[in-house]
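S.K.: Structure provided below as C-alpha cells; questions to follow.
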Amino acid sequence: MKIGVLAVQGAFAEHASILRSLGLEVVEVRLPSDLAGLDGLIIPGGESTTIGKLMDAYGLYAPVKDLAARGKPVWGTCAGMIMLAKDIEGSDQPRLGLMDIGVNRNAFGRQADSFEVDLAVPALGTSAFHAVFIRAPLLTSVGPGVEVLARLPDGRMVAAEQANLLATAFHPELTADVRFHDHFVELARKRVS
Ligand code: GLN
Numbered sequence: 426m427k428i429g430v431l432a433v434q435g436a437f438a439e440h441a442s443i444l445r446s447l448g449l450e451v452v453e454v455r456l457p458s459d460l461a462g463l464d465g466l467i468i469p470g471g472e473s474t475t476i477g478k479l480m481d482a483y484g485l486y487a488p489v490k491d492l493a494a495r496g497k498p499v500w501g502t503c504a505g506m507i508m509l510a511k512d513i514e515g516s517d518q519p520r521l522g523l524m525d526i527g528v529n530r531n532a533f534g535r536q537a538d539s540f541e542v543d544l545a546v547p548a549l550g551t552s553a554f555h556a557v558f559i560r561a562p563l564l565t566s567v568g569p570g571v572e573v574l575a576r577l578p579d580g581r582m583v584a585a586e587q588a589n590l591l592a593t594a595f596h597p598e599l600t601a602d603v604r605f606h607d608h609f610v611e612l613a614r615k616r617v618s
C-alpha cells in the first residue's frame, strides 16, 4: 500500500512518519506525477489559502479530484478539512470541494487559538481520542451522505466521513494515538481488495 501526503505546505512530515511507522510506503506529493499509483492521500494541516494557491500552481486540483472519483480515500486534517469542504463560510478561496460539508475557518477565535480535549469517537472504539486543535475550523453543516464521527462535549461537529472522504478539524498526526491513521489505511485497504 502506497499512501501520499500532500507536501506543498504544512504538517506533512508528521503524517508521513506515522504512516511509515505503520509499515506503509509514503510519497510526498508536490506534483501531479507523484499521485501515480497511490492508494490514498492525506491533506495535512497548515494554511488552507496557501495550500489552495500552491495546489493550483502545481496543477494538482484535477488529478486529486480524479483520485477521489476513483474511490481512493482522501483525508483532510484541519486546513486539509477546509480544502475538502464544498462550503467555506465567508470565503471564496480555492478548494477541492469534494465533501458535502460546510466549515467555519478559525471558528474558535484568538482566545482559544489552540486547545486539547478528549473526544468520544465511537468509530475508533470505546476509549477517548486525545485531540489537538490548532487554529481549528469547525464543521457547521453536513449533507445527508455524511456521517459525523466526533463532536466536542458541547455538541459541535469536529470529524466526519463521506464514503471515501474523511475530515478531522484536529491533528491526529501530533499525538501517539494512531487509530485515525489506521482507520484511514483500512479505508484504503477496502478499496484495494
Ligand atoms: N486556520 C487554518 C486555515 O484556515 C488551519 C489551521 C491548521 O491547519 N492548523 O487554513
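If you want the numbering used here, it's the position in the sequence shown, counting the first as 1, plus 425. Cβ atoms here follow ideal geometry from the backbone N, Cα and C, with glycine treated the same way.
1. Give the range of the beta strand (DSSP E) segment to which Asp-543 is assigned.
2. Find the nearest neighbour of Lys-490 within the set Glu-472, Gly-462, Leu-509, judged by alpha-carbon distance.
3. Determine the DSSP secondary structure at Gly-477, reduced to helix, strand or coil.
4. On a Cα-Cα basis, can you pick out the residue from Phe-437, Val-451, Arg-445, Ala-438 that is closest to Gly-429?
5. Grab me the residues of Gly-471's own chain with a C-beta within less than 7 Å of its C-beta, minus the 5 sequence neighbours each way, in chain order.
6. Once you ignore the five residues that flank Ala-548 on each side, which residues in its own chain have a CB closer than 6 Å to its CB?
7. Pull up the distance between the alpha-carbon of Asn-529 and that of Leu-523, whole angstroms please.
8. Rounded to whole angstroms, what is the Cα-Cα separation between Ser-566 and Ala-432?
9. Three or more C-beta pairs closer than 8 Å, one from the region 458–469 and one from the region 570–588: is that the case here?
M.R.: The structure says:
1. On the sequence shown, position 118 is the one that residue 543 refers to. Note, Asp-543: beta strand (DSSP E), 539–544.
2. Within the sequence shown, residue 490 is the residue found at index 65, counting from 1. Nearest C-alpha to Lys-490: Leu-509.
3. One-based indexing of the sequence shown puts residue 477 at position 52. It is helical.
4. Translated into positions along the sequence shown, residue 429 becomes position 4. Per the Cα distances, Val-451.
5. Against the sequence shown, residue 471 aligns to sequence position 46. Excluding positions up to five away in sequence, the list reads Gln-434, Gly-435, Ala-436, Ala-504.
6. Sequence index remark: in the sequence shown, residue 548 carries index 123 (1-based). Hits under 6 Å: Leu-574.
7. Translated into positions along the sequence shown, residue 529 becomes position 104. Translated into positions along the sequence shown, residue 523 becomes position 98. Computed Cα separation, rounded: 16 Å.
8. Taking the sequence shown and counting its residues from 1, the one referred to as residue 566 is at position 141. Taking the sequence shown and counting its residues from 1, the one referred to as residue 432 is at position 7. Each residue's alpha carbon lies about 28 Å from the other.
9. no
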